[in-house]
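For reference, the structure is listed below as structure tokens.
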Amino acid sequence: MKMEERVELSDGTVLDGRFLVHAVLGEGGMGCVYLADDLVLGHEVALKLLIPGYRGRPDREQRLLNEAAFGRRVGEHPSMPRLYGVGRLRDLDGCPYVAWEVVEGSDLNSVLLSRRRIPPRVATRWARQVADALCAMHRAGVVHRDVTVTNVFIDGSGADARVKLIDLSHAAFVPEPGAPSRRLTREFEVPGAHRFMPPEQTLAIPPHPKMDVFSFGVVLHEMLTGRNPFEHVPDRETYIDLQRAGRLHVPQIDRRGYPEVSESLVELVVGCTANDMAARLDMHEVRERLDAELTSAPLVLVSGERGVDTPSEAAGSREVPDAPDSKGVLLDTEAVLPTGVEDAPPPGTSVVGVGLAAGAMALEEQPRSLRTIVAVATVMVVLTALALLLAWPEDTDAIAPATPAPRATSESDEMGVGEALPRTRPAPAIEPSEPESGEPDERPLAQPADPIEAPAEPEPTPTRAVAPSATDRSSKRKPTPRVEAPAHETEECRGAVAAALSAEEAGAWVRLEILTRKRRCFGNRTQWAKLRAHALLETERFRECSALADEFEDPFVQKYARTCRAQQDRP
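Structure below.
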């Protein structure tokens, strides 16, 4: 379909006397979602319509209507958008529509772009809400098949945020034993997003609830580490080939690099992402384990046998599963916990310190006043040591770690999660996408260093004429020239590349075509060519697409170009 056909409704359009259209919320390969006022129900809705090129095609229309059927089967759930209506619009020649609740907030991918990773306690609470939504779907006999970081929306801050799982465009009913297939995708089409699909989903087998468990595990892995375990796989085709060959495995989270992640969470991710579907947990087991993780009462270790490793550990809190049996120095949490820390233990909760290992037993037998003095003295010693540690000058030239370890996430970070969320327009409850859609997975690299400015020439001062010494000659070096960063390393270009990858994953072909016009932003020429060819094919710019084959020998570029030439040659 042509680019001008992708978006057709202008602000102020009224459909069937019921929907007052305002703006586009989201666009995918198959549909478009508009923010609209429902003049009958009296509130805003996310109105999903097919794009003009797919109207009148029974298979596409049925897929859109099926989304409402899945929503009805599941029923209302606090972690899923509410279904407001479904039908056909007379003003658009009977085009089907689905009206959903407008989901506010930011998708999890945007949160990860700003936060890198989520503190374990917050991640567990968010994951618990997603798991509850999936349990409701599985009870209703529906498989989501597209659980990704862009289909999880976060509204609010920290552990108290409300989380919703959106987008039923790839969902399917679990088939009854012996029942004929009701699939609407073609035999070779694989629904879902690469980097999240389990091996069996790449084989296009009938839907099974454990497909969602695998994808959920990948999402949880990404929340806890800030990295998708399959981010090294360059594209969808390669991912599908490698999964079908059994060559991809989710690596176990290494607690040496992520010490704040509990062993039980590590084991949960392992249980979710087993390649063998029979070895995988089911979603009800996942939810039970998350509940157990949340109900384990954390204590705060002020100072331990190793001492305080980093300022973040001292400022935050370290979780321990149970209070030790041995007696320790008991301090009141109000005196030692940083103010404003979310999920801090209530006043009066004991905080275990093991700094006085030799004298701890004797301390218990001393009068209360003496215990108080020793306790306060212990806190002062710890705080003084921290102050000296923070004030110590850092010799960056003398000590350079070979591999920087990931930043430890403390409980005090939890308050900042919501504050870092980019507040955008209300996001659509359903992000339309083609079966080939996927999710953005690239994280922006570290920002490039500022350009090196040439130092100003010193003002000349009158001196007696003497023969220049070696020291004089070396001190009169030429000014350092300004070094410009390559175009593809600029912040603007990195953002454009990340947006292009997101657009391809979501099937937003018009947006991808626009973004790939900035060829200078792509340091990898082959990556640009594949994205560009794909966008030109989907937007029916066949001549430009075919021409790329003359410049690039990449097999994917050649494949897209052959398809474009075949379309050109059609009468």
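Heads up, the working numbering is the position in the sequence shown plus 525, with the first residue counted as 1. Every residue, glycine too, gets a C-beta built ideally from N, C-alpha and C.
- By the 16-neighbour rule on beta-carbons within 10 angstroms, L566 is exposed.
- In this structure, DSSP gives L773 a state outside helix and strand, which the three-state scheme calls coil.
- Annotation: the continuous alpha helix (DSSP H) that includes K1055 extends over R1050 to E1063.
- Here I679 carries a strand assignment [DSSP, helix/strand/coil].
- Counting C-beta pairs with one atom in each stretch, the stretch 732-747 and the stretch 650-663 have three or more that are closer than 8 Å, which means they touch.
- Just so you know, the alpha carbons of A1023 and Y609 end up roughly 34 Å apart.
- Of the residues K1055, D807 and E626, the one whose Cα lies closest to the Cα of H602 is E626.
- For S635 and R664, the gap between their C-alpha atoms comes out near 30 Å.
- Linking E810 to C660 through their CA atoms gives a straight-line distance of about 10 Å.
- For T798, the closest of Y783, H774 and S604 by C-alpha to C-alpha distance is H774.
- Secondary structure in the stretch 714-753: the alpha helix (DSSP H) runs of 4 residues or longer, each lying completely within the stretch, are 724-727 and 734-750 in chain order.
- Listed in chain order, the non-local C-beta contacts of A1058 below 7 Å within the same chain comprise C1070, L1073, V1082, Y1085 and A1086, local neighbours out to five positions each way being set aside.
- Between the stretch 613-621 and the stretch 665-673, the count of Cβ pairs shorter than 8 Å is below three; the stretches do not touch.
- The C-beta of T1064 has 16 or more other C-beta atoms within 10 Å across all chains shown, which makes the residue buried.
- In the structure shown, the three-state DSSP call for L534 is coil.
- Scanning its chain for C-beta atoms nearer than 6 Å, with the 5 sequence neighbours on each side dropped, one finds around E1038 the residues A1060 and T1064, in chain order.
- Rounded to whole angstroms, the Cβ separation of A1091 and F1077 is 18 Å, and the two are not in contact under 8 Å.
- Secondary-structure assignment with DSSP links L614 through a beta bridge to C620.
- Listed as beta-bridge partners of D632 by DSSP are F678.
- The Cβ-Cβ distance between P645 and L749 falls below 8 Å.
- Counting of Cβ neighbours within 10 angstroms places T820 among the exposed residues, the total staying below 16.
- By the criterion of a C-beta distance shorter than 6 Å, V611 is surrounded in its chain by A593 and V623, once the five residues flanking it on both sides are discounted.
- Contact between P731 and P700 holds: CB atoms are separated by about 5 Å, below the 8 Å threshold.
- The beta carbon of G630 sits closer than 6 Å to those of F678, I679 and D680, all from its chain and outside the five residues before and after it, given in chain order.
- About 19 Å separates the Cβ atoms of Y764 and H733, ruling out a contact at the 8 Å cut-off.
- Secondary-structure assignment with DSSP links W651 through no beta bridge to anything.
- The C-beta separation of S789 from R814 comes to about 7 Å, placing the pair in contact by the 8 Å criterion.
- Remark: fewer than three beta-carbon pairs, one from each stretch, lie closer than 8 Å, so the stretch 682-694 and the stretch 545-552 are not flagged as touching.
- In this structure, the CA atom of E586 is about 15 Å from the CA atom of V558.
- The closest CA to that of G537, considering only G554, I691 and L560, is found on L560.
- Between A1033 and G717 the beta-carbon gap is near 17 Å, outside 8 Å, which marks them as no contact.
- Per DSSP, F1067 is one residue of the alpha helix (DSSP H) stretching across F1067 to A1072.
- For L572, the enclosing beta strand (DSSP E) covers residues H568 to L575.
- As a beta-bridge residue in DSSP terms, E552 pairs with C557.
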